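Enquirer: Residue numbers (this note's numbering), protein chains in the order written: chain P, 209 to 564; chain V, 209 to 564.
Using N, Cα and C, we set each Cβ at its ideal position, and we do this for glycine too.
Computed from a prediction, not measured in an experiment: that's the story for all the values here.
Quick one: structure below, then a few questions.
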DNA sequence: TTGGTTTATGCAATCGATTACACGCGGCCA
DNA sequence: TGGCCGCGTGTAATCGATTGCATAAACCAA
């Protein structure tokens, strides 16, 4: 029960154990350089004083904070938060702390990023967003002696940064192919935000699958959205307004798929009876939605873990001047009930109900 | 474009501006104690050298890290992650960093908490979990000169800690009352984990509403679960096995409600036709579920923000030896389509389909 | 003009831990 | 026996910023 008025320092331990502070320090960070008996005496003194190391002192001297900075566009998004979770676990296992930073963009955010990195509060940056300006990043991490950086989830093309991601083109292709395999010939796509790399890649994969199967790729079947439920919901109205409607839709993520289905219900459209839909991400709710969602599952935990691993490796072993790391993970198609074989040609038309 | 081989320190700035380091330091932290002209010279020197402050140095001297530690049971849970989001915003606005820590419990976790707090890496603890041992916490934060602590979301009864939460009993009462108002007389409850305070409080609110309305409170209508979708799903089977089934259910959170509904569908039960259900939390998916979920919306953003505010106030103004802060927020009932008036006495029974 | 106050700045100690260098000692080999 | 090695330890400098105290200059009131 060491209730200390003032913090106990390494000095206190040294005094009690009758050694110098240097020896105490060594006993902690390089135990084999200290004799058995001294080590025991120090251990006892530490217990007696209730000493805990002051990280600020160590950081100052060693120029490392045992902390990584994770910058992400939206913590609330379950996709990111589960990656963050995996990152935290990995970091914890290796004795690193995790600072989180919301990226809203604008100058303020960049300044904050800079502050954290250049002020020795974090030893490396794990970036879960590809839309940060590449040159700015290079300036930031290149300055002040090369701060380790790993970009995860999204890619910054031609940047040469270390990257851990999934192959979105290939996965989108496979998702679309699944619909093709079910006999669908008219396949739409809920596109993500314009500027977003991931959304562009998924569009490419979708187009590639259609092209390979010689299927029509009508521009009006590419319904633009924003990766969130609200925009998926809004998209449903535009979908219903189409004169020639797809029988299946590949949504660029689960959230937009869910919003879309929610919107379609207001028109009396049933999934998969009237429209098959395949999503992306396999959110927690996907297996319990109505209907359970067919979706591409990204290995989120693996992704977060490997990204954290890579970053911490870089932090601990800064000698890596070799080629940039590039880890590409494979997503897995999870077939549930939101996709089915295309209905016979003369399927019953849904009642046309006005949206609420 | 200050590409620095070695970090630039306050010394470099001082040299260039022809002043002492003391003056540079003051120019940064107490600008009004430095003359107009000197300040300008220093500002210029800072720009020229690309100086950024070394937080480790400052922390060491000032014994404060400008960082708070947020400890939570599960980052992936959208409920927590949106609170975390609000916390981060508030902290960012006040110049504080946010360290996150997953609590898995067991000795390891406690040790990590301790490390962070006692090592000067964090100035205060924001705890989003009521199940941490109170005495241990008091030891931790009481030792080493009183580390500020705010408990949010959940309460640690009789602990006297500063707390920000919602009134779960009252909200659960109101949710149940909503079902009563719709004419339901047989109302079940998906109970959360036993040891969890929140889940206990919601059970109390449920019971209170039933008692007030003189409605039966059969023990077998309290279906135990775990706050997650899987357990909600599993609960559906037990529900179906009941000889006398409730016509409405108050679920202790949205996730279990969703899992439960998902399970019920396998038995051909329709919501709200056969069972009305009200959830808790208003997760993002709630308005877009099928059916859209009636639920109690907790003011998550407000809660996170206020908790962060309170904690940072305490960190910055440690003189508060007054009464513990206690902020109780009110939740809001959001009525959607998962609840409806009770069906007429002789409602058509659902086909009994075997669960898949 | 004088004594006192304010303002702007510098000097140097300090925060707590790490680590380069040095030293003493025992053992080993030639 | 002398020289060398390596182990265990201590001494003291160091990391970068802050701050108590001192001082000089400027200002003001009498």
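#1: With C-beta atoms as the reference, is residue 400 of chain P less than 9 Å away from residue 523 of chain P?
#2: Do you know how far the Cα of residue 442 of chain P is from the Cα of residue 435 of chain P?
#3: Taking the continuous alpha helix (DSSP H) assigned at residue 370 of chain P, which residues delimit it?
#4: Round the Cβ separation of residue 495 of chain P and residue 548 of chain P to the nearest angstrom and send it over; I've been treating them as touching at under 8 Å.
#5: State yes or no: is the beta carbon of residue 306 of chain V nearer than 9 Å to at least one beta carbon in chain P?
#6: Ignoring anything shorter than 3 residues or poking outside the stretch 417–483 of chain P, list the beta strand (DSSP E) runs there in chain order.
#7: Please tell me whether residue 275 of chain P has its Cβ less than 9 Å away from any Cβ of chain V.
#8: Among the residues of its own chain, which have a CB less than 7 Å from the CB of residue 603 of chain P, if the five just before and after it don't count?
#9: I'd like the list of long-range same chain contacts for residue 546 of chain P, defined as Cβ closer than 6 Å, with 5 residues on each side in sequence excluded.
#10: For residue 229 of chain P, does the three-state DSSP call read helix, strand or coil?
#11: Considering just the uninterrupted stretch of the beta strand (DSSP E) at residue 535 of chain V, what are its terminal residues?
#12: Could you check if residue 226 of chain V is buried or exposed, using at least 16 other CB atoms within 10 Å of its CB as the buried criterion?
#13: Check residue 313 of chain P in the structure and name its three-state DSSP category.
#14: Taking Cβ-Cβ distances below 8 Å as the criterion, which residues of the stretch 496–508 of chain P are in contact with chain V?
#15: By DSSP, does residue 304 of chain P sit in helix, in strand, or in coil?
#16: Cβ of residue 414 of chain V versus every heavy atom of the ligand HEM: is any distance shorter than 8 Å?
#17: So residue 335 of chain V contacts chain P; which residues on that side make the cut at Cβ distance below 9 Å?
#18: Using 9 Å as the limit for Cβ to Cβ distance, is residue 381 of chain P near chain V?
#19: What are the residues in the stretch 313–331 of chain V lying within 8 Å of chain P by C-beta distance?
#20: State yes or no: is the C-beta of residue 358 of chain P within less than 9 Å of the C-beta of residue 334 of chain P?
#21: Here's a check: name, in chain order, each residue in its chain whose Cβ is nearer than 7 Å to the Cβ of residue 209 of chain V, leaving out the five neighbours to either side.
#22: For a contact meaning CB atoms closer than 8 Å, what does residue 310 of chain P contact in chain V?
#23: Under a CB-based cut-off of 9 Å, is residue 469 of chain V close to chain P?
#24: How far does the beta strand (DSSP E) with residue 509 of chain P in it extend, from its first residue to its last?
#25: May I ask which residues mark the beginning and end of the alpha helix (DSSP H) holding residue 269 of chain P?
#26: What distance in whole Å lies between the Cβ atoms of residue 325 of chain P and residue 348 of chain P, which are believed to be in contact at a cut-off of 8 Å?
#27: Can you give the Cα-Cα distance for residue 438 of chain P and residue 362 of chain P, rounded to whole angstroms?
#28: Residues of chain V with CB under 8 Å from residue 542 of chain P, in chain order?
#29: Measure the C-alpha to C-alpha separation of residue 255 of chain P and residue 306 of chain P and round it to an integer number of angstroms.
#30: Taking any Cβ of chain P, which residues in the stretch 417–444 of chain V have a Cβ under 7 Å from it, in chain order?
#31: Taking 6 Å as the limit between beta carbons, can you name the residues of its chain near residue 406 of chain P, skipping five residues before and five after?
#32: At what residues does the alpha helix (DSSP H) containing residue 256 of chain V begin and finish?
#33: Take the Cβ of residue 504 of chain V as the centre, count every other Cβ of all protein chains shown within 10 Å, and call the residue buried at 16 or more, exposed below.
#34: Based on Cα-Cα distance, which residue from P/285, P/521, P/517 lies nearest to residue 297 of chain P?
#35: How big is the Cα-Cα spacing for residue 450 of chain V and residue 341 of chain P?
#36: Does residue 363 of chain V come out as helix, strand or coil in the three-state DSSP assignment?
Expert: Let's see:
#1: no
#2: 12 Å
#3: Per DSSP, residue 370 of chain P belongs to no alpha helix (DSSP H); it is in the beta strand (DSSP E), 370–374.
#4: Not confirmed; about 17 Å, so no contact.
#5: yes
#6: 430–432, 456–459
#7: yes
#8: The question about residue 603 of chain P has no answer here: the residues shown for chain P are numbered 209 through 564.
#9: 479, 480, 485, 499, 501, 502
#10: helix
#11: 534–537
#12: exposed
#13: coil
#14: 496, 497, 498, 500
#15: coil
#16: Among the components of this structure there are no ligands whatsoever, and the ligand HEM is therefore not found.
#17: Result: empty, since nearest Cβ-Cβ is about 16 Å, beyond 9 Å.
#18: no
#19: 320, 322, 323, 324, 326, 327, 328, 329
#20: yes
#21: Any reading at residue 209 of chain V must be qualified, since the residue scores a pLDDT of 31, below 50, and its modelled position is unreliable; no value is offered.
#22: 293, 296, 297, 300
#23: yes
#24: Segment 508–524 is the alpha helix (DSSP H) holding residue 509 of chain P; no beta strand (DSSP E) there.
#25: 263–270
#26: 6 Å
#27: 23 Å
#28: Within chain V, no residue comes near residue 542 of chain P; the closest Cβ sits about 15 Å away, beyond 8 Å.
#29: 28 Å
#30: 437, 441
#31: 362, 376
#32: 244–257
#33: buried
#34: P/517
#35: 59 Å
#36: coil
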